[in-house]
Each structure stands twice: as C-alpha cells, then as structure tokens.
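In the working numbering, the protein residues as written are 416 to 1677.
Everything below concerns the one structure shown next.
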Amino acid sequence: MRLATLRLAGFKSFVEPTELHFPSELVGIVGPNGCGKSNTLDALRWVMGESSAKNLRGQSLDDVIFAGSGQRKPVAQASVELIFEHHGDDSSTLQGPWARFRDLSIRRVSTRDGQSKYFLNGTRCRRKDIADLFLGTGLGRGHGASSSTRSYAIVEQGQINRLLDARPEELRATLEEAAGISRYKERRRETEVSIQHTRDNLVRLNDVREELSRQLDKLERQAKAAERFRLWQDEAAQLDIARHALQLQQLQAERELELGLHAAETLQLHSAQQAQQLCLSQLEASRTHDTDLQAHLHQAQAQAYALAAEVAQLEQARRHALAQAEQIERELQQLAHETAQHAQHHTDAQAHLARLGHDTKLAESALPPLSAQLKHTQAELAAAEQRAQQTREAFERLQTQAQEPAQQLRVERSQLNHVEQQQRILQDRLQRLRIAQLESEAQVLEHDLDAARALHRESSQRVSTLEAAQDSHGATLASARQTLATAEAQVAALQAEANSIAAEQRALSALEQAQSNETAPALRAWLKQHALQDQRAAQHVHAATEWLQTLDTVLTDALNAVPVESLEAWLSRADTQATYGLWLVEKDCTEGETNSSSLPCLEPKQSPHQPVGRPSTALDLAPSPLAGEGWGEGATASHTAQTLPASPPSPQPSPVKGEGVKHSSSETANRLLNGSYARALLNGLRPSSSLTTALAHRHELKPGEAWLTPQGDRVSRHLWQRPPASQANHGALQRRQRLEQLAQELTQLHPKQHAASEQRKSAQQALSMLEAEHHAQQREHRETLRQQNDLALRSEQLRLRLEQAQNRLRGQRREHEELHEELRRNEQRCNQHQHQVDKLERSLQTHETELKSARAARDQAEQDSTRLRLAVREAERAEHTAQSRLHALQHEHTLRQQTLSQLEAQRAQLGARHQALLERQNATLAPQAELQAQLEHRRTAERQAHTALEQARNALTQHAEATRAQQHALLAAEKQREQARSTVENRHQRLHALELRTEVPAARLASVEPASITHALDLARDLDLNGVQTRLHDAQARIARLGAVNLAALDEYAQARQQHDQLDAQFADLNDALATLETAMRTMDQDTRGRFRETFEAVNAKLSETFQQLFGGGEARLELQGDVPASEHDNSTPPKQDRWLDRGVVLMARPPGKKISHLHLLSGGEKSLTAIALVFAIFQLNPAPFCLLDEVDAPLDEANVGRFCAMVQSMSARVQFIFITHNKTTMELARHLIGVTMREAGVSRIVEVDLDAAVKMLEEDN
C-alpha cells in the first residue's frame, strides 16, 4: 500500500482545492520558509484522526480552517482526503474488509461548529474506524490518542529528537505499533472493559434475582388467595343463576294469567276493526271514482299544454328563420369589404417585387472590386509573417544561449541563500541557548522539590487521622440505620393492619349495597319517592353477640321492615305493582330510646315457661332461669341492611297471652318485639341458654311454642330443628356489629400510626445528619488523598524536571561549542558562492544587450504582421457583408413572388364563398309562408282544448262533496275501534310490566349456557328463593372476608416464575461470557508477549546494523526497563513472560570512540542520527505505507546527509519516502519534486516537477 494523492481544500494556507500527487517512491517537498510545506504534514495527521490542536501547531481545532488573509475571506470548512493504492503485496497490507479494495480513500471534513465527518471510500464512518484501519501499519494512534506516540511513519520538525526523550512507556508503544500488536492492545482494552461491564451486570442481575425471589413468595400467597376467591366467586355465580331462574319461573306464571285476559279483549278489538273496515271500503270506492275524474282532468290538461307547446315551437321556428336571413346579409357585406382589401394588397405586392429586382442588380455589381482588394492584402500579409518568423528565430537562439549562465546563476544564488539561511539558523540557535536560565531553573526546582516532599509527609499524617475518624463514625451510622429500619417496619405493620381493616369495611359495605340492589326497581323508586329508603327496623335491634346469628336467621326479612306512622294511611296510597316485597311496621311499636344496650328476655316473670309472643302487659323483663341472660346485650350497627324480600312470610297466631310486665330501659327493643308485630314475627319462640336446657323443659311447651337457643336450635314438644349450614354466616345484625368494631379498631389505630410515623421521621432526620457528616468526612478524606497523590506526583514531576533541566544544561553547553565551529565553516562557503555569483552576473549582462536588439527587431516585424492581419480581416468582413446583402435580396424576392401567388388563390376563394352565401339566403326565405299557416291551425285547436278542461274541473268538484260525507261515517267507526284498542293496550301494558320484571332474570340467564342453568337449579333443588338468597349472601360474605384480592396474581406469579428462570439462565450465560472473555484476554496476552519479544529482538538487530552504517561503527541497542545483567538476577526478579508484557523500553547508544552513559550526552547531530537509525530499523522490520520526514536532515552535516540519503535510497525499494527539506543533497535524491509557493500572502500553491522527465528533456536537447 502506498500514498498516491493528497487533496486539500480550506485547510490552513491551502484555501483553494489542491492536489499533491506522489507518483514515485522518492518525493521531495521544497519551498521557502513559511510557505506552508509543513501544513501538508499537519493535513496527513488531521485526516487520520488527530484531535489535539497542539500537535497540529494550533491553539484550537478551528485553526486548521483557513482564517482569511489580506485579500481573502475566511472559509467555513476544511477538507482533506488521502488516496492510497493498495496492492496487498507488502507487510503494511490492510486487514479486514477493506483489504479487498484496490484504491482506498480517506476523507475528513470539519466545520467551524466543531463537527468533523469521516468518510471511507465515500461512506460515512467513525473516527474509531479510521484508527482501527491503520493499527499495526506504523500509522496507528489508538482510540482517544491525541499525540503521535505510536506512529513512527510521520516525523515532523523536532520529533526526531523527541524519540530519544520519550518515556519508556512511549517507546514501548512505538515498538508495539511496529510489531503490529497495537490492535491486540486495543482489543485487550476492550476486553477488559467488557469484563468489567459483565461483572457489573452480574451484580445487578443477582440483585434482581434476589428481589424477584422475594416477590415470588409474596405472589405465591396472593395466587392461593386468588384461587380461593375464584372458587367462591364461581359458587356465588351459580347461586345467582339459580336465584334468577326461580324468579323467572314465578314471573312466567303471572304472565300466563294476564295472557288469558288479553285474548278476550283482543276479540272485542277485532269486531270494532271489522266495522271500521266496511266504512273504509266504501270510502275507497268513492276515492277510486275520484281518481278516474282526476285522470280525465289531467288528460285534458296535458292536451291543452301540448297544443300550447306546439304553437310556441312554430313561433320559435319562424323567428329563427328570420334571424338566419339577417345573419347571411351581414356576412355578404363583410365579404365585399374583404374583397376590396385583398385587391389593394395584390397591387402593393407587385410594386415591392419590382423594387427588389433593381436592388439585387446593384448588389451583384459591387461584389468583384471587394474580392480583388482582399487578395492583394493577403499577399502582403504572407510576406510580413515570413519576416516576423525570421526575427523570432534569431531572438530565440540568443535567448537559449543566455539561459545556461542564468541557470548557473540561479543555482549559485540558491546555494548562497541556503548557506546564508544555515548561517542565520546557527546564529538563531546560538541565541536561543539558555544556559544561565537553565542554571536558575535548576536551583528553583531543587527548592520546590524539598518543599513538595515536606507537604507530602504532612498529608500522609492527615490521611491516617481521617481514616481513624471514619471507622468510628461508621459504627454510629450503622446503629442509626438499624433504628430507622425498625421504625419503618413498625410503620409498615400498622399500615398493613389499617389496610386490612379498611378492606374488610369495604367488603361488608359492598355486601350490604349488593343486597340493597336486589330490591325490585319499582319498590326502590316507591321508597325513594316517599323518603323511606334509609329507614329499616334492623337499626333498632340490639342483642348480645351470641344471639346475633340466631336473630338474623329468625328475623331475616323482618329486619328490613320500614317504620311508618300508620299502616292504614300508607296502605291507602301504596301502589299494588310497586310494593311487592314491602314490609311496614307502625312507629308506635318502634319509637323509644335509641341508646338501649340490651334486648331483654321475653318470658313471664311468674312462669319460667311463658311464650315469647305475649302482649307487653303480660311480659316480664327479668332474667329467665331457662334462658340465662335472655336475649343479652349488643351494639347498634352503623349500616342498615336494605335487602327487601320478594314477599312477606305468612303471620302465625300468638301462642299464649299473659299479663304483668316490667319495662327495662330499652324501650325500642321492647316495642319492636312486643305487641302484635312481635307475635307475628317470633311465632311463639322462647329463648333458652342451651340445647340441653331446652330438651329438659320441652314438655312444658304448649302447641305452637318452641325453645330457641343461641346456636339456632329450635325445640318444640316433639320436634328438633337446626338451621342449614348456609345460614350460619353473617347476617344484617352481625355485619352491623362487625362494622362498628372495625370503626372502633381503626380509630384506635390512628394514634399508633401517627406515633410510629413521628418516630420514623426522627430516625430519618438523625440518619440524614449522620450521613451528611459521614459524606463530609469522606469528601475530606478523598480530598486529602487527592492532595497526597498530587503532592507525590508533583514531587516525582519536580524530580524528573530537575534531572531533565540538568541534562539540558549540559547539552546546551556542548552545543554552544559546536555552533561556533559550524558558523566558521559556513562563512567560508558563503564567500566562495558570492565570488561565483558576481562572475556569472557579468556574463549575463552581455547576453542581455544582444537580446535587447533582437527583441526590438522581432517586435517591429510582429507589429507589421499584426497591422496587415487587421487589414485582411477588414477586407474579408466587407466582402462577406456584400455577399450577405445579395443573398438576402434574392431570398426576399423569392418570398414576395410566393406571396403574390397566395393572394391570387385567396381571391378565387372569396368569390366561391360569396356565391355560397347567396344560395343560403334564398333557401332560408322560402318556407316562411308554410310556417305561418301551420301556426294558425294550432292556435284554433288550443282554444278547443281549454274548453274541455273547464268541464272536467266542474265534475270533479261535485264528486268531492259526496266523498266528505263518507269520511264522517268512517270517523265514527274509528272512534269505536280506538276505545277497544285502548282496553287492549292497558292489558298489554300490564303484560309489558311483567316482561320488564322478567327482563332482569332473563337478561342474566341469556348469557348463561343452558347446562349451567340446569346445574345451578340442581344445586339449589332443596331450597326456595329465600334459601338461595341466604346461601348467596353467605358466599358473598366469604368473598368479602378475603379482603382485597389480587386477581392478576396467578398470571403475575407465572410470569415472575418464568422471568426468574430466564434470569437464572442469563446469570449462567454471563458467567460463561466472563470466562470466555478472560480466556480471550489470556490468549491475547500470550500472543502479545510472543510478537513483542520477536519484534524487540528483530528491531535490536536492525538497530545495531543501521546505527553502524550511519555512524561508521559504534553500538546501539534496546533494553527493557529495569533489566540487569544475568549474573545479577535474584529471586525477586519478575518472570520473563511478565517482563515482556508491560515493561518499558529504553534506548542505549554509544557512537564509535565514545563512552556515553546517557543519550542526553550526545550532540544534536548524533541524537538525530540515532533517532533516524531507530526509525529506519523499525521500517526495515515493518514498513509503513509511507514515511514522511519533515526537515530531519537540518541538523546533519554534509557527510551525515550523504549517509542519510544513501540509506533512504536503499530503503526506497520497500518504502515510499516523502521528505520536506532545504538541503540540496536531499533534493538531488528526489525523483519528483513538489514546490510550495506563496506568491499571494497567506495562500499556498503547488508547483510539481518530474526530475526524471526533466533530465530526459535536457539529454534530448543536447
């Protein structure tokens, strides 16, 4: 691969698009100082990804864009493109997908907004892609590198010496680039980053797995609760289906009865409809006759309208014929006017044709004299041009003779300028020597080094003190975090308890609301209309906890009774349809104190076996020996159960009457359970404390009486009954008591939550203060550590700077002596060149005098030739003008003849058109008489049609009177039909009301499969509608007790389990990936060690050989940093393979006859030759695509320049060299020279010279 072309546009001083071609292996770039030669080197660095403005000799990256000059404005962007020819036959062959391209283009474009774009073969790419492309080729620089540490193919001014001053790590990087392992280094760095990312991912993934495991436990519990919820919900759904099915059966029976009545009323409606139909048929017959009369009227109208239209058409035709005749007359007048104009045009054309013939004859006679004058002038011009050619050849011969001394003079002046420039450079270098300044700097550095070491010791003591304080504070912080965790756990536990209570409250309230919604819509509307929707008897019932379940079972529907003032008053305004399922109770039975806390035992005082249902005058409220505490005590519920049954139970007669009652303080309970209302509800039930007691006294009961226990057992004289299990769950009274308990618990829980929150807040504040103090200590510790590191680094930097300053001081003292000797030699060469220049200038003046005479003769001959050439062109122009006028006249004569022929043809057309218009006029006037006769005939027929139309209208009016009488009879029949239809509609409305009541269960059952309905009825076959409702309430209560259930927990649990399994698999994959990456890194290390060792040894061998060629002897070698002779190795020496992996590289050189311990002791020329030897040794091992040398021969003398050029010449077979130089010996080496000039201030331009082609031209001339 070799560099073929460099294209620049807007880059530094190359403002205009410029191309530099490198056709050979030895290309030199020359030009005066400041012309922009080194800008080409900067362009190469920049296009390959350089991002440091310092390495591009600027302060910012915007400096690479042309900033304008005295005559030019700044440009907006800079563009540089490299074109490589890639043959794939050398060691610098590219790797990867770009190796298959024969030509490779790399372009970078940058704008002033700081954006850079990179292109590979026209394709947009990244800077990293450019860096990867050149890794291992000698042009590599690594990702993010801002210097040319790795690249050894581009050597700029001063960099050749910086190779010797490079640190061991930088020199090692150069060798790695030569070994081609820089790409391995980049891959290893990327592998280390990947390993670190993988480890971070493992930590995060493990945290996620642990958190997911905790979530799985919680979701598993929620999934089990959701499963129970679904089972109970399915049971509730089956019971709901059975309830709706039973309701539907009951409503369908009522509907059959209404259908029978509807059929009888429908027969009456049909009779009325038949009478109406008879009147309607008579009216239809009359309307048919009326239609015939209207048809006759319409026919007469149509005939009259048709005749009127024909009359209008005939009148229109007559008017149209008259208009056509007038139009034809106007056209005849226009045609006569056009004929007169045409005759005038024909006369004018004949006159103009005669004038054209005369002008043509005059033009033909003027052409021959002009042709003769042209031939004479052309002959004089040929003689003058022959004389001018002879004088021009004589001048060129003299000019050629004067070129040789002029060329020699330019060469001598160039050499003189070069010597003078070297003299100025040496003087500048002598002036730039800073021996006194370096001595002062060394003293300052020694003082700063001592101060930095003292500060470092103080910083180390401060770090130890801060670490001890951090350990003490860490224990206090851990204790505060534990306190906060305890407080947060307590807050979470109280919040969970409050959430559980609130969920149970919502479930019980929802259950009561669901029961309330089961009330028939019509009944709910009636209660709301009379403001009774919130009044229920259950609000006034109080009992002990053990009796609540029993009372809920006994008084299930009675608890929903509505208290009213008077039954008679409310029943008189009750709607029969709307009050199905309504219970009413008079307030005189329920009024009293509402804060009662007990419901007394309803047994007679004088007899322990008196029935419950006696009047209040015969009851005793004292405790019963059989029932213990009677009905006991209970709390009032906070919510009223509003579920209304479909129908009330049938009341039974009171068992036995008694007298003599004592009243307790609970008047509400007494009046609710006493009197006729109590006898109707309790049905002779008496309380007993246990089943054993009731069985022992069952023979004391009278017919219709029974003992009732708190467990719900009902014992009569010969019967024992226990309620079904479905009725053993919460009813209205139990729900009311539970809601009150939950409200009390929630009230008691709020202070505890507030206290726990305050405790957590205090713990958080204490922890925040401790953490703030801890962070402050950490920041102080980090800052002190940073200061300690900075001081250590500064101490080391000061030590190195002191050592470097001492070395520079010794070097500058030695360089001072060398510069004085070099100035003396340059002075002698300058005098020799000045003498030769004076001699050549005198010879050149002689040749200039002869050239001046020959130039005057040549100029006179050229002026004569130019004058005659102008005369010839004038004669040719006159002849051409005459010929053009003749041709134009002839052409116009032909056109006028054609125009005259066209006018004659148009005159014939106008005559034919006049004859046609006369014929059209005669044809238009002929049918006028016939049209007038037809018009009179049609007008007579139109008058007769109007008479017939008037007669038809009179007949239609007479028939309309008879039709109105028939319509009156039809209205009477329709009135009778409407009365019958109203009766049928009323019956239909009642049927519709039943259908609406049926729609609720029917709509519920419509979406249910028949098999599900059958299964639900089988499940409830032993129950009536009330039993089904009780079991449904039981199922809903179980669901409510579950509280808030996460129904999505089943799916979430499955998803979480799947995600957990996937995370386990990812965890294993990441471990495998980590092992793979570590294996890859070990493999890279092995390859790196091997290749670096081979390169190190090969470069060492080449370095020794190249150094001896350049110095004529001596010794140079590379050593690993810290290496000692083999005899001095001990057990502490690191393994050899580790030495090859990361040890720095040190260059050692010893010129012939000298014993030098350090490279800084070498002279400037020796340093340059040593660095050149190292670069060329690397190139012999791994040649880069090209080698660019920027004035590396400047510090070399003639002898060393010769050896340098000889080595470049020998290596050019394998390496393409591009060098910037001022040395004539180096210029002679180039096969192709590129000159850089700056004629316009601030703008560089290119002048290319192919030296091989120039030599061939000189040989051919000689």
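Here a beta-carbon is modelled for each residue, glycine too, at the ideal position from N, C-alpha and C.
All figures in this text were calculated on a predicted structure; none of them were measured in a lab.
Span of the alpha helix (DSSP H) holding residue i?
i	result
T1521	A1464 to F1526
R460	K452 to V462
K532	Note, K532: premise wrong, no alpha helix (DSSP H); beta strand (DSSP E) at S531 to L535.
R1101	R1101 -> not in any alpha helix (DSSP H); beta strand (DSSP E) instead, spanning L1100 to P1102.
Using the beta-carbon count (16 or more within 10 Å), is residue i buried or exposed?
i	result
T1009	Legend: pLDDT at T1009 = 35, less than 50; position of this residue unreliable, no value from coordinates given.
Q530	exposed
D1605	buried
I480	buried
S1013	Confidence at S1013 is low in this model, with a pLDDT of 34, below 50, so the placement of that residue should be treated as unreliable; the coordinate-derived value is given next. Buried is the call here.
P1416	buried
M1672	exposed
E1018	Annotation note: pLDDT 38 at E1018 (below 50); position unreliable, no value reported.
H1448	buried
H1133	exposed
H1231	exposed
M416	buried
M1184	exposed
A1056	With a pLDDT of 32 at A1056, under the threshold of 50, the predicted position of this residue should be treated as unreliable, and no value is reported.
G1127	buried
A922	buried
S1679	No answer is possible for residue 1679: the residues shown for the chain start at 416 and end at 1677.
T815	exposed
Could you check how far apart the C-beta atoms of residue i and residue j are, in whole angstroms? I think they sit under 8 Å.
i	j	result
P1102	L1123	6 Å
L1217	L1574	Actually they are not in contact, since the Cβ atoms of L1217 and L1574 sit about 18 Å apart, beyond 8 Å.
L1465	A902	Not really, about 35 Å apart at Cβ, beyond 8 Å.
F437	V495	Wrong, their Cβ atoms sit about 15 Å apart, outside the cutoff.
V1664	Y567	That belief does not hold up - the Cβ atoms of V1664 and Y567 are roughly 29 Å apart, past 8 Å.
L1238	L841	5 Å
L1518	A1592	4 Å
H757	L1304	Not a contact, Cβ separation roughly 27 Å.
Q1451	L926	5 Å
A967	A1109	Before going on, a small fix: residue 967 reads as Asp here, not Ala. Contact doesn't hold; Cβ gap of about 20 Å is too wide.
Determine whether the beta carbon atoms of residue i and residue j lie at a separation below 8 Å.
i	j	result
Q1192	L881	yes
L1100	A1121	yes
A482	S475	no
L1492	T606	yes
At what residues does the beta strand (DSSP E) containing residue i begin and finish?
i	result
L586	Taken as a continuous stretch (DSSP letters only), L586 belongs to no beta strand (DSSP E), being part of the alpha helix (DSSP H) at P583 to A594.
H492	According to the sequence provided, residue 492 is Gln. The question's His does not apply to it. Taken as a continuous stretch (DSSP letters only), the beta strand (DSSP E) holding Q492 covers Q492 to E500.
G1650	H1647 to T1652
K1117	Unbroken run through K1117: none, as it is neither H nor E.
E1001	L999 to E1001
P1425	Note, P1425: premise wrong, no beta strand (DSSP E); alpha helix (DSSP H) at P1425 to L1434.
V445	L441 to V445
L1562	V1560 to R1565
E1530	E1530 to L1535
Examine the Cβ distances between the region 1257-1276 and the region 810-828 and report whether three or more of them are shorter than 8 Å. yes
Would you say the region 1633-1653 touches the region 446-456, given that touching needs at least three Cβ pairs under 8 Å? Under the 8 Å Cβ criterion, the region 1633-1653 counts as touching the region 446-456, having at least three qualifying pairs.
Contact between the region 669-677 and the region 1400-1408: three or more CB pairs below 8 Å? A contact is defined here as three or more CB-CB pairs under 8 Å, and the region 669-677 meets this definition with respect to the region 1400-1408.
On the three-pair Cβ rule with 8 Å, is the region 1288-1296 touching the region 796-805? Counting C-beta pairs with one atom in each stretch, the region 1288-1296 and the region 796-805 have fewer than three that are closer than 8 Å, which means they do not touch.
contact_flag[the region 1499-1515, the region 583-598] where n(CB pairs < 8 Å) is 3 or more: yes
Given 8 Å, three or more beta-carbon pairs between the region 847-854 and the region 1178-1186: no
With three or more C-beta pairs closer than 8 Å as the rule, is the region 1351-1364 touching the region 723-742? Counting C-beta pairs with one atom in each stretch, the region 723-742 and the region 1351-1364 have three or more that are closer than 8 Å, which means they touch.
Do three or more CB pairs link the region 798-812 to the region 1320-1340 at distances below 8 Å? no
State whether the region 679-698 contacts the region 1388-1395, with contact taken as three or more CB pairs (one from each stretch) at a distance under 8 Å. yes
Any chance the region 1368-1382 sits against the region 635-649, with 3 or more Cβ pairs inside 8 Å? no
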